[in-house]
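**Student:** Note that this note's numbering has the sequence shown beginning at 25, numbered continuously upward.
For glycine and all other residues, C-beta sits at the position ideal for the given N, C-alpha and C.
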Amino acid sequence: MAMNRAFRFALLSDLHIGLPQTIWHHPHRFHLIECSIPAFEQILTELAALDLDFLLLPGDLTQHGERENHQWLLQQLRQLPYPVYVVPGNHDMPAAASDRDRTGVAEFVELYQDFGFTSDRPYYRCTIAPDLDLFALNSIAFDEAGHQLHRGRVDCAQLNWLQQELATSTASQRWVMIHHNVLEHLPDQQQHPLGQRYILENAEELRSILEAGSVSVIFTGHLHIQATSQQGALWEVTTGSLVSYPHPYRLGTVQPAAEGWQLELESRRVRSLPDQD
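(1) Give the C-beta separation of Gly-276 and His-203 to the nearest angstrom, bearing in mind that I take them to be a contact with Cβ-Cβ under 8 Å.
(2) Exposed or buried, which one is Met-25 when buried takes at least 16 other CB atoms within 10 Å?
(3) So, using beta-carbon positions, are His-216 and Thr-262 closer together than 8 Å?
(4) DSSP state of Phe-31, grouped into three classes?
(5) List the DSSP bridge partners of Phe-159.
(6) By how many angstroms is the C-alpha of Arg-198 removed from the C-alpha of Ser-238?
(7) If I measure Cβ to Cβ from Tyr-148 and keep anything under 6 Å in the same chain, skipping five residues before and after, which residues do I get?
(8) For Glu-288 and Ala-153, what's the separation of their Cα atoms in angstroms?
(9) Per DSSP, Glu-290 forms a beta bridge with which residues?
(10) Have a look at Val-108, Ala-130, Phe-132, Gln-255 and flag the residue whose alpha-carbon is nearest the alpha-carbon of Leu-36.
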């Protein structure tokens with residue numbers, strides 16, 4: 025079915041949801057985790073006044089994978105009147121296996137089965153609007169002992185799956201959502217020791233597959249800034265974090281155009297929070 029009407033969506037990234045009793049109190053904490061819940065609740069109130077078709081959350085949903093924080097977020101998401109699609113971030117499953125307090129890969133996927141996942145794999149494809157397929161990828165990697173690696177990457181099994189799914193997609197518009205950056209947003213990001221942690225280790229390999237598969241837009245997070253980047257016909261939109269000033273989020277509108285379709289993005293931010301002014 026061809027895209028024949030406009031649709032609207034919201035984009036929130038790096039929520040880092042932290043209930044008060046779970047917040048880490050140590051001298052090196054720099055994220056404003058105490059703002060996560062009031063900022064998220066305020067944005068949901070603002071979104072309630074809009075006629076949204078869906079919401080995208082490209083990872084780092086919780087402070088550090090606490091099961092309690094995931095469960096709080098899930099309760100909020102289940103009350104929304106529009107579909108929500110998520111991918112994991114590095115803070116959502118700190119290790120491959122769950123422990124007493126934190127979620128691992130399998131549990132994360134199980135928890136968010138109503139929000140995109142269709143199997144036990146931490147990635148999926150779904151049609152989110154007429155003639156638009158979303159390919160939601162996992163960029164969180166682990167060593168053989170199950171410890172999370174410092175840099176993100178998309179493993180071979182997932183790359184093979186992606187190639188097959190792109191080949192069978194009949195949608196004229198294909199989007200990707202993934203936590204780590206695929207295109208550079210900062211100078212020398214791929215090579216600089218301080219920038220490498222934010223971009224996929226095998227970004228070039230993934231880019232080649234996306235270009236061959238006619239993907240047009242990538243939605244990412246992780247960097248905690250608002251930025252866009254372009255390489256050839258491929259665009260990447262990275263969205264800032266709710267726990268980093270200025271607490272931004274985005275609204276997107278897609279509408280038919282003479283050459284297929286047009287995506288317009290609007291940046292918004294949380295301007296004030298209770299007890300934070």
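**Tutor:** Reading it off the structure:
(1) 18 Å between Cβ atoms; not a contact.
(2) Confidence at Met-25 is low in this model, with a pLDDT of 47, below 50, so its placement is unreliable and the value that follows should be read with caution. Per the 10 Å Cβ criterion, exposed.
(3) no
(4) In the structure shown, Phe-31 sits in a strand (DSSP, three-state: E or B).
(5) Arg-149, Val-200
(6) The C-alpha of Ser-238 lies about 7 Å from the C-alpha of Arg-198.
(7) Gly-140, Phe-141, Thr-142, Ala-160
(8) 16 Å
(9) In the DSSP output, where bridge partners are listed per residue, Glu-290 has Leu-275.
(10) Val-108
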